[in-house]
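Engineer:
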Amino acid sequence: MSRTIVEGGAVVAVDDAGTEFDEGHVVIDDDRVVAVGPGSAPPQDGPVRRIDATGCLVTPGLINTHHHLYQWATRGYAVDAPLFGWLTELYPVWARLDAESTHAAASAGLARLAATGCTTTADHHYLFPRGGGDVFGAVVSAADRVGVRLHAVRGSMDRGRSQGGLPPDSVVEDRDEALAATQEAVAEFHDPAPGARVRVAIGPCSPFTVSTELMREAADLARRLGVRLHTHLAETVDEEQQCLREFGRTPVEHAAELGWLGPDVWLAHGVHLSDAAIARLGATGTGVAHCPSSNGRLGAGMARLRPLLDAEVPVGLGVDGVASNESGGMVEELRQSLLLARARYGPEALAVRDALRLATRGGARCLGRDDELGALRPGALADVAVWRLDGLDHAGITDPVAALVLGPPPTVAALLCGGRTVVTDGAVAPELTDELRRASAHVRQEGTR
Ligand SMILES: [Zn+2]
């Protein structure tokens, strides 16, 4: 057994009781938290690794509920376009991704998440260019390399241009082929055990790139295999209008019809939702990955965060792919969600502690891991972020949670995932920068590889 003690800083546990200490400690044995308390840890027998959190805030590691890591190789395209125009420009670029460039992109994206306090991320991967190799495995191995926990969503698209969809035919799969590959991905990578570092979910991309048959069969498959379901829904007005035109139903009505509501489902965006749709999500326990920066970047709209929370919908935060959020940092989404909620609903719409809760407990609920992620409490996995707050950026802000949420993104002094160190003094695997430059050039066809 190896014991680690984090002490000397403020501790905000985000547990049910809202435990906070101005100065506290967290004791970790192997991959689990065993104690959280005030002041210094009691004297220990045997060897102990100590992490000095003096001048820092200690919180649970943040959880990102929606991402497309492959997009790290394609930032800065269609910078002023709305969703459909943006997708139309990017699909042919994405069609050039292969396993090598996807691995470099995912490694860079995961490093950026880690450097901004994220210990668990979902990744929605729906792009399988013909001849591109094992792109899904490339994302999983990147998470292992960087050291963060991954909920890898095996996505799919079967509606190419010739079927009235948006993507070129070269990046879509045949329905049966997609379902078989999805089942294989679950068999190969999904770990259902407590403490899992990799889980797999099933996630056809969206109703405008996927046939209704594939949506329906994917839901059946997920339930047969006991894994979760994820897709994009109700992101833009265009999508809603297309859904009404094509199916005579709103996106949430359509999802219900296809078996896509329930406590094992979380949906990306959920921007354009009526009161009835929100009530339905709440009643069925369907989660929402709220992606405020991406929604702003694409001008998709402002999610109805306050009504979603009032209806007890599980809501987590999502960075979304960096082709629509070039920053890709996790802690920034706390601030962004708070500003957007208050801009829309007034000063009481979201407290600073609510923003932190969305990015921890809310995310854990979306991913079905509220029992072991998202809080610092005995028995929880030792996913811990230590935020440096003693420099110029945060000087004079007495409430450390306000400093974290409202101030500049702090340096992560230490990040532990399952007790293992991922980040020290803001630094994660520096060799990733050159790899990312090469991968981006490759998909731009600059001929450097
Ligand atoms: Zn997305």
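Residue numbering for the sequence shown follows full-length UniProt numbering, beginning at 1 and increasing consecutively.
Every residue gets a Cβ at the ideal spot worked out from N, C-alpha and C, and that includes glycine.
#1: Compute the Euclidean distance between the alpha carbons of E435 and P38, then round it to the nearest angstrom.
#2: Skipping 5 residues on each side, what residues in its chain have a beta carbon closer than 7 Å to that of P194?
#3: So, with DSSP's three-state summary, where would you put A256?
#4: Please determine if the region 330-341 and the region 76-84 are in contact, where contact requires at least 3 C-beta pairs separated by less than 8 Å.
#5: By a C-beta neighbour count over all protein chains shown, 10 Å radius and 16 as the cutoff for buried, is D144 buried or exposed?
#6: What does the Cβ neighbour count give for residue 509, buried or exposed, with the cut at 16 atoms within 10 Å?
#7: Can you give the beta carbon distance from R62 to A359, rounded, assuming they're within the 8 Å contact cut?
#8: By alpha-carbon positions, which one of G24, A311, L90 ends up nearest to T59?
#9: In the structure shown, what three-state DSSP assignment does G160 receive?
#10: In angstroms with no decimal places, state the Cα-to-Cα distance between D354 and V14.
#11: Using only alpha-carbon positions, find the residue among I28, V12, D31 that is nearest to D22.
#12: Just checking G321 against ligand 1 - is the residue's beta carbon closer than 7 Å to any of the ligand's heavy atoms?
#13: In the DSSP assignment, find the unbroken beta strand (DSSP E) run with T231 in it and report its ends.
#14: Taking the alpha helix (DSSP H) that E217 falls in, what are its first and last residues?
#15: Whole angstroms is fine: what's the gap from A53's alpha carbon to R377's?
#16: Are there 16 or more other CB atoms within 10 angstroms of the CB of R449, so buried, or fewer, so exposed?
#17: Can you tell me whether R344 is helix, strand or coil according to DSSP?
#18: Hey, out of S440, P43, C56, whose CA is closest to L415's CA?
#19: Output the distance between the C-alpha atoms of G447 and A276, rounded to the nearest integer angstrom.
#20: So, F84 versus D238, is the Cβ gap smaller than 8 Å?
#21: For Q183 and A222, I'd like the C-alpha separation in whole angstroms.
#22: Using three-state DSSP, classify L415 as helix, strand or coil.
#23: Is H124 near ligand 1, in the sense that its beta carbon is under 7 Å from a heavy atom of that ligand?
#24: Does the Cβ of H68 lie closer than 7 Å to at least one heavy atom of ligand 1?
#25: Just checking H232 against ligand 1 - is the residue's beta carbon closer than 7 Å to any of the ligand's heavy atoms?
Structural biologist: According to the data block:
#1: As a first step, residue 435 must be located in the sequence shown, where it is residue number 435. As a first step, residue 38 must be located in the sequence shown, where it is residue number 38. Each residue's alpha carbon lies about 43 Å from the other.
#2: One-based indexing of the sequence shown puts residue 194 at position 194. Answer for P194: E372, listed in chain order.
#3: To locate residue 256, count along the sequence shown from 1; it is residue 256. In the displayed model, A256 falls within a helix according to three-state DSSP.
#4: A contact between stretches requires three or more CB pairs, one per stretch, nearer than 8 Å, and the region 330-341 fails this requirement with the region 76-84.
#5: Taking the sequence shown and counting its residues from 1, one reaches residue 144 at position 144. Counting Cβ neighbours within 10 Å, D144 comes out exposed, since fewer than 16 surround it.
#6: What is shown of the chain runs 1 to 449, which leaves residue 509 out entirely.
#7: To locate residue 62, count along the sequence shown from 1; it is residue 62. To locate residue 359, count along the sequence shown from 1; it is residue 359. Strictly speaking, residue 62 in this sequence is Leu, with Arg absent from that position. At roughly 5 Å, the Cβ-Cβ gap stays under 8 Å, so L62 and A359 are in contact.
#8: On the sequence shown, residue 59 is found 59 positions in, with the first residue counted as 1. Of the listed residues, the one whose Cα sits closest to T59 is G24.
#9: Counted from its first residue, the sequence shown places residue 160 at position 160. Per DSSP, reduced to three states, the secondary structure at G160 is coil, with no helix or strand assignment.
#10: Along the sequence shown, one-based indexing puts residue 354 at 354. Along the sequence shown, one-based indexing puts residue 14 at 14. Taking C-alpha positions only, D354 is separated from V14 by approximately 10 Å.
#11: As a first step, residue 22 is located in the sequence shown; it is residue number 22 there, counting from the start. The option with the nearest alpha carbon to D22 is V12.
#12: Position 321 of the sequence shown, counted from the first residue, corresponds to residue 321. Yes - ligand 1 has a heavy atom lying nearer than 7 Å to the Cβ of G321.
#13: Taking the first residue of the sequence shown as 1, we reach residue 231 at position 231. Residues 229-233.
#14: The residue given as residue 217 occupies position 217 in the sequence shown. 212-225 is the span of the alpha helix (DSSP H), which, as asked, contains E217.
#15: Counted from its first residue, the sequence shown places residue 53 at position 53. Counted from its first residue, the sequence shown places residue 377 at position 377. Cα to Cα, A53 sits roughly 18 Å from R377.
#16: To locate residue 449, count along the sequence shown from 1; it is residue 449. Model confidence at R449 stands at a pLDDT of 41, short of 50, so the residue's coordinates are unreliable and nothing is read from them.
#17: Translated into positions along the sequence shown, residue 344 becomes position 344. DSSP places R344 in the helix class (H, G or I) of the three-state scheme.
#18: Within the sequence shown, residue 415 is the residue found at index 415, counting from 1. Between L415 and the set S440, P43, C56, the nearest pair of CA atoms involves C56.
#19: By 1-based counting over the sequence shown, the position of residue 447 is 447. By 1-based counting over the sequence shown, the position of residue 276 is 276. With a pLDDT of 44 at G447, under the threshold of 50, the predicted position of this residue should be treated as unreliable, though the coordinate-derived value follows. Computed Cα separation, rounded: 52 Å.
#20: Locating residue 84 in the sequence shown gives position 84, where the first residue counts as 1. Locating residue 238 in the sequence shown gives position 238, where the first residue counts as 1. Yes, the Cβ-Cβ distance between F84 and D238 is below 8 Å.
#21: Residue 183 sits at position 183 when you count from the first residue of the sequence shown. Residue 222 sits at position 222 when you count from the first residue of the sequence shown. If I take the Cα positions, the gap works out to 9 Å.
#22: Within the sequence shown, the letter at position 415 stands for residue 415. In the structure shown, L415 adopts extended strand secondary structure according to DSSP, grouped into three states.
#23: The residue you call residue 124 lines up with position 124 of the sequence shown. Within the cutoff, so yes.
#24: As a first step, residue 68 must be located in the sequence shown, where it is residue number 68. At least one heavy atom of ligand 1 is nearer than 7 Å to the Cβ of H68, so yes.
#25: The residue you call residue 232 lines up with position 232 of the sequence shown. Yes.
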